[in-house]
Every structure is written in structure tokens, then in C-alpha cells.
Amino acid sequence: MLQSSAILVVGLILLVWSAERFVSGAAVTAANLGVSKIVIGLTIVSIGTSAPEILVAISASLEAAPKLAIGNAIGSNIANIGLVLGVTAIAAPLPFSHEIVKNELRWLIGATLLGLFCLANLFLGSLDGLLLLAGLGLILYLMFTKQRLGPQLHGVVNNELDQIPAMPTHKGVLWLIFGLLLLLLSAEVVAQEAIKIAQLLEIDELIIGLTIVAIGTSLPELAASVSAAVKGHSDIAIGNIVGSNILNVLAVLSVPALMHPIGIDSVVFWRDYGVMTSLTLVLVVFAFYRESISRPEGALMLTIWLGYNVILYMQASV
289 MLQSSAILVV GLILLVWSAE RFVSGAAVTA ANLGVSKIVI GLTIVSIGTS APEILVAISA
349 SLEAAPKLAI GNAIGSNIAN IGLVLGVTAI AAPLPFSHEI VKNELRWLIG ATLLGLFCLA
409 NLFLGSLDGL LLLAGLGLIL YLMFTKQRLG PQLHGVVNNE LDQIPAMPTH KGVLWLIFGL
469 LLLLLSAEVV AQEAIKIAQL LEIDELIIGL TIVAIGTSLP ELAASVSAAV KGHSDIAIGN
529 IVGSNILNVL AVLSVPALMH PIGIDSVVFW RDYGVMTSLT LVLVVFAFYR ESISRPEGAL
589 MLTIWLGYNV ILYMQASV
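Right under this line is the structure:
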């Protein structure tokens, strides 16, 4: 048990680190080849931040453990709002920018409702996977359109790309290849050890995905969001989380749907996706009616996340 836990922690650290190297290498290579910053920001950087969840979902599905992938997708969204935005708002209140309220939050609502529709029959199958990917394609198209028509958003993309170091093309390609290989390897290690821990504890892989793996893959967002908020870049702090949650629903959930269709328990729909949907609605209410997340509101979101994890622990212990 201790050995599997230690390997899982190391795997999560390598997963996060390799994802950063992969994104940096891919972004630098694309930039050096003349790809525009807008395209890099909307594809490589945006999708790259969800690379750990996507790769874990693929590995878990290949290991015939799609519940781990489903738990990671839903649990990461719960952690992103409750833990990451909660802690970030406590560190520095988060005002919502007009563009995030007008665009990204509406897309998050749409993605959440689409996921709700796909899981409503308690089965996640190939058709659901195709619907989720179609939703992802539509949102990416809308993102490109909005960025092309709204040059005021370029500053947000530039701020994200400023975090990526400059390097020659050959070094960028090496980081891209090395990062991808290590990302694949660490995702496989995380999936295998998470399954072992679930078997040793005699609990569902879903619980491990909702908690340990979800928290581990959400830690980069926590560090990035707190850092951005303290520096006064609340649009980046909130935008990173909203974008990550959209991808977790549309991209990560589509992996087990396409690779390993499975029926789900009603508790997954009502308890887990229900909590995720509720936290999303809380975020929407704060955005549309409060136009910011204050410290007390951040504390409320963090309390909801902690309470949810306590419930999971109590139910898993029964």
C-alpha cells in the first residue's frame, strides 16, 4: 500500500512536470515555425493544460478502468472550482472580466448541460463520446471566431504565452518529444497505481479518480491561478479554470465513452455530477450577479469541496 501510494505521488509529479515540458516544447516549436500566438494559445496551451487528465483517461480506459477516467474528469472540475478558485479567492478576490462572463462561462454552461444529457441515461457510450467531441469542436470554432473578432483578448493570450521560455526550434522539438513520452509513461503509472490502491482498499476506482488523482491533476491550476490572482491577473486565474473545466467535460469524458463504453451508477450522476453542476451554478451566480468572487465566497466554495470529500470518505468507509 505504501509503495503504491509513493509511486502514485511520483507519477502525479512527473505527469504534471512532463505536461508543462510538452506544452512549452510544442508552443515554442509552433511559434518558431510561424504559427500565430492566437492559434498557439487556443490549441496547444489551452488543451495542453488538460493533457494530464486526458492521458490518464486514455491509460485508465486501456486498463479497463473507465470509472477512474470518469472520476478524474468530474473530480477535477469539482476540485478546480471548490479547491482552486476557493483558495485563490481567499488569497485575492477575483473580479470577472466582461469577456469571460460573455463567452467562456456560457460555453461552460453548455458543456456542463451536454455532459448532463449524455449521463442522464446512466450509460456513457460511443454516441455520447461523439456528441461531446462535437461540442468541443463547436466551442473551439467559437473561440477562434471570438479571438479573431476581438483583439482586446490578445493580451490574455500573450500573458499566458509569456510564461513559456524562448528557445531554439531543435530544443523545442526535443522538449516536445521528451515531454510527450514522459507524459505517456507517467499517465500509465498513475492509472496502474490508482487501480492497485483501489483494489487494496477494496473501493471503487471511481473514488480514487474523484479524490487523489483529481487533486493531483488540479494542483498545477492551483499554483497558476493563485500566482495570477496575486499579480492582479484575475482574468487568467478564472479563465484557466473555466477553460480546463470545459475540456474536462468535453475532451476527458469523451475518452472512456469512445474507448470503453460503460454503465454508471445513479450515485455518480446525482452525487458526483450533481456536485459538479451545483458548483458550476454557484460560479455562474457569482459571475452574473456578483461580478466577482470575494474571500467569504471563496471560503464557501472551499467548504463545499471539503464537505463533498468528507462525504466520499464516509461512504467509502461503510
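Heads up: the sequence shown begins at 289 in this note's numbering, then just goes up one per residue.
From the three backbone atoms N, C-alpha and C, an ideal C-beta is built for every residue, glycine too.
Just so we're clear, the structure is a prediction, and the values are computed from it rather than from any experiment.
- [ ] With a cut-off of 8 Å on the beta carbons, I'd call ILE529 and VAL372 a contact; round off their distance for me.
- [x] 6 Å
TODO: Could you say if the segment 553-568 and the segment 400-407 meet the contact criterion of at least three C-beta pairs nearer than 8 Å?
DONE: yes
- [ ] Consult DSSP for LEU321 and reduce its assignment to one of helix, strand or coil.
- [x] coil
Task: Check whether ILE485 and SER293 have beta carbons under 8 Å apart - done: yes
Task: Range of the contiguous alpha helix (DSSP H) that encloses ASN528 - done: 522-535
Open item on the list: Suppose only complete runs of 4+ residues qualify. What are the alpha helix (DSSP H) ranges in the segment 332-396, listed by chain order?
Closed with: 339-350, 354-367, 374-379
Task: PRO439 burial status per 10 Å Cβ neighbour count (16 or more: buried) - done: Note that PRO439 scores 48 on pLDDT, short of 50, meaning its location in the model is unreliable; the coordinates nonetheless yield the value given after this. So PRO439 counts as exposed.
Open item on the list: Quick check: HIS548 and SER414, are their CB atoms within less than 8 Å of each other?
Closed with: no
Task: Residue span of the alpha helix (DSSP H) that contains GLU509, given as start and end - done: 502-518
Open item on the list: Classify LEU234: buried if its beta carbon has 16 or more other beta carbons within 10 angstroms, exposed otherwise.
Closed with: Nothing in the structure corresponds to residue 234, since the chain is present only between 289 and 606.
Task: Same chain, Cβ closer than 7 Å to ILE481, neighbours up to 5 away in sequence not counted - done: Per the sequence shown, the amino acid found at residue 481 is Glu instead of Ile. Cβ within range, chain order: SER292, ILE295, LEU296, GLY299.
Open item on the list: For the pair the segment 337-345 and the segment 470-481, tell me if three or more CB-CB distances fall below 8 Å.
Closed with: yes
Open item on the list: So LEU356 and ALA545 are supposed to be a Cβ contact under 8 Å. How far apart are they, rounded?
Closed with: 14 Å between Cβ atoms; not a contact.
Task: Helix, strand or coil at LEU412 [DSSP, three-state] - done: strand
Task: Coarse secondary structure for SER580, derived from DSSP in three states - done: strand
TODO: Would you check if there are 3 or more beta carbon pairs closer than 8 Å linking the segment 508-523 to the segment 315-324?
DONE: no
Task: Residues bridged to ILE271 (per DSSP) - done: Examination of residue 271 is not possible in this model, given that the chain is present from 289 through 606 alone.
TODO: Report back the beta-carbon spacing between VAL610 and THR400 to the nearest angstrom; my notes put them in contact at under 8 Å.
DONE: With the chain represented from 289 up to 606, any question about residue 610 goes unanswered, as that position is not in the structure.
Open item on the list: Quick check: ALA525 and LEU393, are their CB atoms within less than 8 Å of each other?
Closed with: no
- [ ] Can you tell me which of VAL572, LEU419, ARG583, MET602 puts its alpha carbon nearest to the alpha carbon of VAL389?
- [x] VAL572
Open item on the list: Please state whether the Cβ-Cβ distance between GLU585 and ALA377 is less than 8 Å.
Closed with: yes
Task: First and last residue of the uninterrupted alpha helix (DSSP H) at ALA486 - done: 457-489
Task: Cα-Cα separation between ALA539 and LEU510, rounded to whole angstroms - done: 21 Å
- [ ] Going by CA-CA distance only, name the one from TYR577, ASP523, SER532, ARG578 that's closest to SER385.
- [x] ASP523
Task: Close beta carbons around THR499, own chain, < 7 Å, minus the five adjacent residues each side - done: GLY363, ASN597, LEU600
Open item on the list: DSSP three-state label for LEU296, please.
Closed with: helix
Open item on the list: Quick check on DSSP: helix, strand or coil for LEU541?
Closed with: coil
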